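Here's the structure we're looking at; comments come further down.
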Amino acid sequence: MASSLPSPPASTPVSTASPVDGGVVSTVLPPARRNPLQPGSQKEISLLFYLDNETRRIQRRYGKKFPAFEEADDDAPGYTSIDQVVEDIDPLLDLAWVSATPSIRIQYLLALAGTLVSYMPAFPFSLKLFPILRKFDEAFAALARTPPPQNGGRAPVSRTDKVRIKSLAANARVAVVNVAASPNYATAAQADWSDEEDETSEDESLAPAATELRDDVDANIGRVFQKTLEALGDELPS
């Protein structure tokens, strides 16, 4: 990545939470720049170039999941799990947020979140979806609550953007419910849980662990984009 790009801090605080969080990404948005990038500046151009290239790489990796997809001179491996998608999207989410540039934030947060949601049905459910969904939720909720400039300038988030965000949030909630209810749910979710647990007596721990896991998943599903929907309110069309 070009050195002129605004980069997130080397270490971003990670929320401590239950095993349902998966430990893949932080749920905390990185500190943003003090001022937006200047339109047409080298930093803005470099950032847009990088985000576009990485977004296309994500699309290529997803395409390689399907046998018919071929692309010469491209060594990006195909995705085999939604966790890999999360790992590629998360740093781009951070960069878009760090830019503090409303147009970049809206464009790329919507695109990245939409990509994640649209890819969910193609992979087994993973608990590691929840941290990045919470981070998107924090970002969209913050944008939705941002007031227009006092000097009467353009609001950072237009009504059209808010409608798109609300639609995305609704689609994400449905997608998570569907993938969590898929036949692959029990195997994938239990595997994630087992990774977080110390080895104990299987007979003593398996049933309580499964119940606790299901409760955690249900609670987290209910919180998907909850802050965003609360910030947008009821005045927007669904």
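Residues in the sequence shown are numbered from 1 upward in steps of one, following the numbering used here. C-beta: ideal position from N, C-alpha, C; glycine also. Quantities reported herein were computed from a predicted structural model and do not represent experimental measurements.
- If you compare the alpha carbons of N178, I132, L127 with that of L116, the shortest gap goes to I132.
- Judged by beta-carbon spacing, A96 lies beyond the 8 Å limit of I89, meaning their Cβ atoms are not closer than that value.
- Of the residues S126, A122, L92, the one whose Cα lies closest to the Cα of N220 is S126.
- Remark: C-beta atoms of R134 and T27 approach each other more closely than 8 Å.
- Under the three-state reduction of DSSP output, F136 falls in the helix class.
- In the structure shown, T115 falls within a helical segment according to DSSP collapsed to helix, strand and coil.
- Non-local C-beta neighbours of V177 in its own chain, meaning closer than 7 Å and more than five positions away in sequence, comprise I221, ordered along the chain.
- For Q226, the three-state secondary structure derived from DSSP is helix.
- Secondary structure at G40: coil, using DSSP grouped into helix, strand and coil.
- Note that the C-beta distance between D137 and K65 is not below 8 Å.
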